[in-house]
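The opening position of the sequence shown corresponds to residue 7 in this note's numbering, with each subsequent residue numbered one higher. Report on one structure; see the data block that follows.
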Amino acid sequence: MKRTDYINWDEYFMGIAMLSAQRSKDNSTQVGACIVNDEKKIVAVGYNGMPTGCDDDDMPWEREADSALDTKYPFVCHAELNAILNRNSANLKGCTLYVTLFPCNECAKAIIQSGIKKVVYHCNKYADTDGVKASDILFRKCGVETVEYKSGGKALTLTL
């Protein structure tokens with residue numbers, strides 16, 4: 007008799023996104039992303055961090071400072087964009103993006119341009135910001151489905 011308490015596809019792919027978020031060195035917000043094709047194969051993962059080649063020990067990680075150049079915001083590459091740029095497939099058309107935080111408007115543009123057609127997000131804590139409102143408008147106008155992840159209530163434990 008086969009096991010029946012295994013995780014479903016959404017739990018699996020959101021779990022990969024959550025695990026990817028653990029690679030982020032951001033001290034306030036860790037975001038992970040996982041892109042999956044229509045065959046349920048992972049074609050990319052990403053997390054928020056400094057661009058390749060930047061020594062993240064020499065870069066600012068602060069949220070606020072006297073100058074914007076002393077904050078993380080002009081430098082950090084978001085998880086969604088990292089996943090899109092680091093994909094192992096030439097084509098993301100029709101793929102689904104699992105992401106731990108609803109995408110900002112800049113990532114929304116990259117998601118749309120890459121051909122991703124569905125975004126499953128875990129949290130939308132910035133829903134009232136103009137950037138996220140713009141994302142929602144862009145997604146609706148461009149036919150990208152957005153779905154809030156619904157946890158099945160299973161607890162997953164990884165021991166490393």
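Heads up, the beta-carbon is just placed ideally off N, CA and C, and yes, glycines get one too.
Within 10 angstroms of the beta-carbon of residue 159 lie fewer than 16 other beta-carbons, which makes it exposed.
Going by beta carbons, residue 125 and residue 103 fall inside the 8 Å limit. Residue 7 counts as exposed, since fewer than 16 other beta carbons sit within 10 angstroms of its beta carbon. Cβ neighbours of residue 28 within its own chain (closer than 7 Å, five residues either side excluded): 36.
DSSP, reduced to helix, strand and coil, places residue 48 within a strand of the structure shown. Taking the C-beta atoms as reference points, residue 108 is found nearer than 8 Å to residue 130.
The DSSP-derived three-state label of residue 39 is strand.
Between the alpha carbons of residue 153 and residue 81 lies a distance of about 29 Å. Counting along the chain, the unbroken beta strand (DSSP E) around residue 104 starts and ends at 102-107.
Under the three-state reduction of DSSP output, residue 124 falls in the strand class. In the displayed model, residue 137 falls within a helix according to three-state DSSP.
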